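Sequence positions in the sequence shown follow this note's numbering and run 263 to 342.
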Amino acid sequence: MIKIKKVMQKVSKTDDVVCDLCGKSCRFVISEKEDIANFNYATITPKFGYGSKLDGIEYEKQICEDCYTKIFGGVDDEEI
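Written as C-alpha cells, this is what we have:
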C-alpha cells in the first residue's frame with residue numbers, strides 16, 4: 263500500500279536578474295499564461311592573481327546580452 267501525505271513547501275523563485283551595468287531587466291518571458299520566464303545574462307567573475315593591484319578581490323556581476331556584446335563584441339564560432 264502507498265500512503266501519500268500532502269506537504270506544503272516554501273520555494274524560492276528568481277523573479278528577475280538586473281544588469282549591473284545598465285540596470286535593464288534580463289528577464290525573457292516564454293509564457294505569460296504559465297508564468298514561465300528565462301533570464302538571458304552572463305555572470306562575470308574576475309579573479310586577479312598574486313602581485314596584481316587587485317590581488318584577492320573577487321566578486322560577481324551579472325550583465326545583459328546587450329552589454330556583453332558591447333564589451334566583448336559577441337562570440338566567434340571558434341570560441342564555442
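C-beta: ideal position from N, C-alpha, C; glycine also.
Remember, it's a predicted structure, so these values are computed and weren't measured experimentally.
| query | result |
| --- | --- |
| Taking the beta strand (DSSP E) that residue 298 belongs to, which residues open and close that run? | 298–301 |
| Looking only at its own chain, which residues have a Cβ that is under 7 Å from the Cβ of residue 319, when we skip the five neighbours before and after it? | 310 |
| With DSSP as the reference, identify every bridge partner of residue 326, one or two as the case may be. | 303 |
| Within its chain, find whatever has a CB closer than 6 Å to the CB of residue 324; leave out the 5 residues flanking it on each side and keep chain order. | 279, 282, 303, 305 |
| For residue 290, which residues does DSSP report across the bridge? | 300 |
| Is residue 284 buried or exposed, if buried means 16 or more other CB atoms sit within 10 Å of its CB? | exposed |
| Is DSSP giving residue 315 helix, strand or coil here? | coil |
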